[in-house]
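Here's the structure, in structure tokens; my notes come after.
Chains as they are written, first to last, in the working numbering: chain U, 1 to 396; chain G, 1001 to 1396.
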């Protein structure tokens, strides 16, 4: 019989997108839906960098270098140096989004059957890339009660087996918004050095830190060979559709392997490399206003959430996500109900149930992730909806 | 010890690019190098489709639908219908280049340890995607003496084991330029139906056929579930840097699985989707002049090659590649010598040794691939070089 692969069968569907048909039905009924479910910012892409693409004047849309244009990698060296990250153009491989950087990292460092430790809840697509690479995800619990701080060193070490090859962190974190402290990063360094592990550090939201400063994995000293930085311009410049990211490491063997994966797929997209290169020349205060806007939104949504009876939302230090515990038994059912059966003043909200971000079945059932990618007026209207919805839902 | 993966170790380096350092050294010495080694066309990207990107006026560079913009998929339905391929927008998943279509096909249809049969010589990156997916490539010999026709049905069937899940063809072929006949395509259909195999049909060069007509795998009847079309706009519109391709199939289970892989990487590049969509509206005679140009180049290069004593080049029916057997013992060494130790009137040529396109070690050692992606004047100058080079090389 003609059958698809087990890999194709077991590949997880996107937990964020499974409610989409219900949202579409709600819209068809005339209900306005506030989208707090996905990390697609409403922030305008800086017009200067769109113009760099629009004003490009080449005649042939050629393959670029498989590692990305050299001019762009040189610019990225400049970009990283502003964050105290010292790398050379040869230590940067431009990827098709952060997604490809993660997949290349798995492919180059782990074999099928190897294990990767990830503090849960975590970015759900790590599961997908793990399935593609045949890698086994070992989640380790971080709790909403501590604001999703790094689990204690003993807990992390307990999860390490002879098959463990890497730890992934996302800092600041998607979905929790948690910003790892310098101390936590140092603990991670101790562990990876002691146990010969790779650290994959997904720093997609590096610029968006509202409490304290960002410690990049590339700031850690004495673990150069262990560390891979996974990066993307998607959120930084609201350029998600460009599909440009980067894998950065000082490990020469990893670079050589990743380069072979990069050559197989020929090159990263050319247009968005032009955009990414132009972005490094944005005024240095570019992030100030964006950060101020996200901070205002964070303050609004966290305050509103915690004011709703039975809701708990730890204050996220970065990114543009908040996790909240709701007074409901099953957030999956509640989120579907919001779209299927609820409206307030002709409006409702779409949230991401947190269960999809946990690797351990049954965890996070009362939690949801909220992406504050809409303005404060919309956030307030959305919170009005949530407040009314919980009231109505719990009266049933 | 901290080590990279076996996958990273065994991943093949690009056989086309390994001569690059020698070409760079030749250029530094002031030697002009004619590049016949890679499939990067010199043809201008149609200005209208570049303008579609340049004139786009969105404010946020958003993620597109994971399967690609619906408007683009609808346009692709129109494009395919012109080639007698009847599909719906739901049967098309837009990919990041043809590369991703091939990888998704492997991932969705084959598990690690499964086998895929590919007539050799074949596009070298199939090896890379196979390593990424843990799939085992079973090459089956096609001969330069027959112009690289499909091996006989018995030979194909002999290669089938319980682990065989798919056959890949590239039609017209890279690297051989061979255009599979309707009869050969029907033989393939019989085999895939009889043995429950998938047929991956890479049709990147569909428009470039100089002898007879193109038979798409999608023209075959009664094997809808077995067939996956892998496509790309790279060569069609000289838009290699766009990184836009497509996976097309009527198999619903495959579509559902591929969609999960597509969701994990979020979306294909947005800019080049605009370009691809505009390309479908190019005047219908757009390919006439391009085809005429490539045919003139093919006629020139094949005639010149066969006029050199000891050289044999079968007439390729499509794509923009020719394979030639040279009167040398080891084409790898000869190709390096061309760059390192030879020049004629301050010029030399870069060719792709064919060994990298064969899966069986030792095959194709006297053969090279020539990509006729330079104009006829340059081709003639390059052939002058080759003629002199072989004379000089064989005098040694």
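Don't be surprised by glycine CBs; every beta carbon is placed ideally from N, CA and C.
- prompt: What is the DSSP secondary structure of residue 1248 of chain G, counted as helix, strand or coil?
  reply: Start at 1 with the first residue of the second chain, and residue 1248 of chain G comes out as number 248. Residue 1248 of chain G: strand per DSSP, three-state reduction.
query: Is DSSP giving residue 1033 of chain G helix, strand or coil here?
result: Translated into positions along the second chain, residue 1033 of chain G becomes position 33. DSSP places residue 1033 of chain G in strand when its eight states are reduced to three.
- prompt: residue 1360 of chain G by DSSP, collapsed to three states: which one?
  reply: On the second chain, position 360 is the one that residue 1360 of chain G refers to. Coil, per DSSP.
field: Contiguous alpha helix (DSSP H) assignments of at least 4 residues, all confined to the stretch 1231-1316 of chain G
entry: 1252-1264, 1270-1279 and 1286-1307
- request: Would you decide whether residue 1241 of chain G is buried or exposed? Buried here means 16 or more other CB atoms lie within 10 Å of its CB.
  value: For the purposes of this step, residue 1241 of chain G is identified with residue 241 of the second chain, where counting begins at 1. When all chains shown are included, residue 1241 of chain G counts as buried.
- prompt: Closest by CA to residue 368 of chain U, which one among U:380, U:343, U:384 and U:333?
  reply: For the purposes of this step, residue 368 of chain U is identified with residue 368 of the first chain, where counting begins at 1. Closest option to residue 368 of chain U, Cα to Cα, is U:333.
Residue burial classification, residue 1025 of chain G (beta-carbon count within 10 angstroms, cutoff 16): Residue mapping note: residue 1025 of chain G aligns to position 25 of the second chain, counting from 1. It counts as exposed.
message: By the three-class DSSP mapping on this structure, what secondary structure does residue 89 of chain U have?
response: Counting from one through the first chain, the residue named residue 89 of chain U turns up at place 89. In the three-state DSSP reduction, residue 89 of chain U falls in the helix class (H, G or I).
task: Please compile the residues from chain U whose C-beta is within a distance smaller than 9 Å of the C-beta of residue 1128 of chain G.
output: To locate residue 1128 of chain G, count along the second chain from 1; it is residue 128. Within 9 Å Cβ-Cβ: 260, 261, 263, 264 and 265.
query: So residue 1130 of chain G and residue 1116 of chain G are in contact, right, with Cβ under 8 Å, and what is the actual spacing, rounded?
result: Here residue 1130 of chain G corresponds to residue number 130 of the second chain, with the count starting at 1. Here residue 1116 of chain G corresponds to residue number 116 of the second chain, with the count starting at 1. With 8 Å as the limit, residue 1130 of chain G and residue 1116 of chain G qualify as a contact, their Cβ atoms being about 7 Å apart.
task: Check the C-beta distance from residue 1095 of chain G over to residue 1256 of chain G and give it rounded, since I have them as a contact under 8 Å.
output: Sequence index remark: in the second chain, residue 1095 of chain G carries index 95 (1-based). Sequence index remark: in the second chain, residue 1256 of chain G carries index 256 (1-based). Not confirmed; about 16 Å, so no contact.
field: CA-to-CA distance, residue 1187 of chain G to residue 1196 of chain G, given in whole angstroms
entry: Counting from one through the second chain, the residue named residue 1196 of chain G turns up at place 196. Counting from one through the second chain, the residue named residue 1187 of chain G turns up at place 187. So the alpha carbons of these two residues sit roughly 14 Å apart.
query: Is the stretch 67-85 of chain U touching the stretch 286-293 of chain U, taking contact as three or more C-beta pairs under 8 Å?
result: no
query: Short check: CB of residue 93 of chain U to CB of residue 133 of chain U, under 9 Å?
result: Taking the first chain and counting its residues from 1, the one referred to as residue 93 of chain U is at position 93. Taking the first chain and counting its residues from 1, the one referred to as residue 133 of chain U is at position 133. No, these two residues do not count as a Cβ contact at 9 Å.
query: On the three-state DSSP scale, how would you describe residue 145 of chain U?
result: Looking up residue 145 of chain U in the first chain gives position 145. Residue 145 of chain U falls in the helix class under three-state DSSP.
- request: State whether the stretch 145-152 of chain U contacts the stretch 102-113 of chain U, with contact taken as three or more CB pairs (one from each stretch) at a distance under 8 Å.
  value: no
query: By Cβ distance below 7 Å, which residues in the same chain neighbour residue 299 of chain U in space, the five residues on each side in sequence not counted?
result: The residue you call residue 299 of chain U lines up with position 299 of the first chain. Contacts found: none.
- prompt: What does residue 1161 of chain G touch in chain U if you count any residue whose Cβ is under 9 Å from its own?
  reply: Along the second chain, read from residue 1 onward, the residue named residue 1161 of chain G stands at position 161. None at all; the shortest Cβ gap to chain U is about 16 Å.
- prompt: Tell me the DSSP bridge mates of residue 169 of chain U?
  reply: The residue labelled residue 169 of chain U in the question sits at position 169 within the first chain. Note: residue 169 of chain U sits in a beta bridge opposite U:201.
- prompt: Tell me which same chain residues have a C-beta within less than 7 Å of the C-beta of residue 88 of chain U, skipping the five on either side of it?
  reply: Here the question's residue 88 of chain U lines up with position 88 in the first chain. If we look at residue 88 of chain U and ignore the five residues flanking it on each side, its Cβ neighbours are 77.
query: Would you report the Cα separation of residue 366 of chain U and residue 37 of chain U, rounded to the nearest angstrom?
result: For the purposes of this step, residue 366 of chain U is identified with residue 366 of the first chain, where counting begins at 1. For the purposes of this step, residue 37 of chain U is identified with residue 37 of the first chain, where counting begins at 1. Those two C-alpha atoms are separated by around 16 Å.
query: What does a CB cutoff of less than 8 Å around residue 140 of chain U pick up in its chain, not counting 5 residues either side in sequence?
result: Against the first chain, residue 140 of chain U aligns to sequence position 140. So the qualifying residues of the chain are 117, 118, 119, 120, 151, 155, 156 and 159.
query: At a Cβ threshold of 9 Å, is residue 45 of chain U touching chain G?
result: For this step, residue 45 of chain U is matched to residue 45 along the first chain. By this cut-off, residue 45 of chain U is an interface position.
query: By a C-beta neighbour count over all protein chains shown, 10 Å radius and 16 as the cutoff for buried, is residue 198 of chain U buried or exposed?
result: The residue given as residue 198 of chain U occupies position 198 in the first chain. Buried, since its Cβ has 16 or more Cβ neighbours within 10 Å.
For residue 325 of chain U and residue 208 of chain U, the rounded distance between their alpha carbons: By one-based count along the first chain, residue 208 of chain U stands at place 208. By one-based count along the first chain, residue 325 of chain U stands at place 325. Rounded to the nearest angstrom, the two C-alpha atoms are 23 Å apart.
Close beta carbons around residue 343 of chain U, own chain, < 7 Å, minus the five adjacent residues each side: Sequence index remark: in the first chain, residue 343 of chain U carries index 343 (1-based). Only 31 meet the Cβ criterion.
query: Shorter than 9 Å from the beta carbon of residue 170 of chain U to some beta carbon of chain G?
result: Counted from its first residue, the first chain places residue 170 of chain U at position 170. It does not; no Cβ of chain G falls within 9 Å.
query: residue 40 of chain U versus chain G: which residues are under 9 Å apart at the beta carbon?
result: The sequence position of residue 40 of chain U within the first chain is 40, counting from 1. What residue 40 of chain U touches in chain G: 1060, 1062 and 1063.
- request: Please check if any C-beta of chain G sits within less than 9 Å of the C-beta of residue 216 of chain U.
  value: The sequence position of residue 216 of chain U within the first chain is 216, counting from 1. Not closer than 9 Å to any Cβ of chain G, the Cβ of residue 216 of chain U fails to qualify, so no.
task: Determine, using beta carbons only, whether residue 313 of chain U and residue 328 of chain U come nearer to each other than 9 Å.
output: Numbered from 1 along the first chain, position 313 holds the residue referred to as residue 313 of chain U. Numbered from 1 along the first chain, position 328 holds the residue referred to as residue 328 of chain U. Remark: C-beta atoms of residue 313 of chain U and residue 328 of chain U do not approach each other more closely than 9 Å.
query: Is residue 63 of chain U helix, strand or coil by DSSP?
result: One-based indexing of the first chain puts residue 63 of chain U at position 63. Correct three-state label for residue 63 of chain U: coil.
message: Do residue 304 of chain U and residue 387 of chain U count as a contact pair if the criterion is CB distance below 9 Å?
response: As a first step, residue 387 of chain U must be located in the first chain, where it is residue number 387. As a first step, residue 304 of chain U must be located in the first chain, where it is residue number 304. The answer is yes: Cβ separation under 9 Å.
field: CB contact flag (residue 1045 of chain G, residue 1238 of chain G, <9 Å)
entry: Against the second chain, residue 1045 of chain G aligns to sequence position 45. Against the second chain, residue 1238 of chain G aligns to sequence position 238. The answer is yes: Cβ separation under 9 Å.
- prompt: Mind listing which residues of the stretch 3-24 of chain U have their C-beta closer than 8 Å to chain G's C-betas, in chain order?
  reply: 3, 4, 5, 6, 7, 8, 9, 11, 12, 13, 14 and 17
- prompt: At what residues does the beta strand (DSSP E) containing residue 119 of chain U begin and finish?
  reply: Counted from its first residue, the first chain places residue 119 of chain U at position 119. Taken as a continuous stretch (DSSP letters only), the beta strand (DSSP E) holding residue 119 of chain U covers 115-120.
- prompt: Under the rule that 16 or more other beta-carbon atoms within 10 Å means buried, what is residue 252 of chain U, buried or exposed?
  reply: Position 252 of the first chain holds residue 252 of chain U. So residue 252 of chain U counts as exposed.
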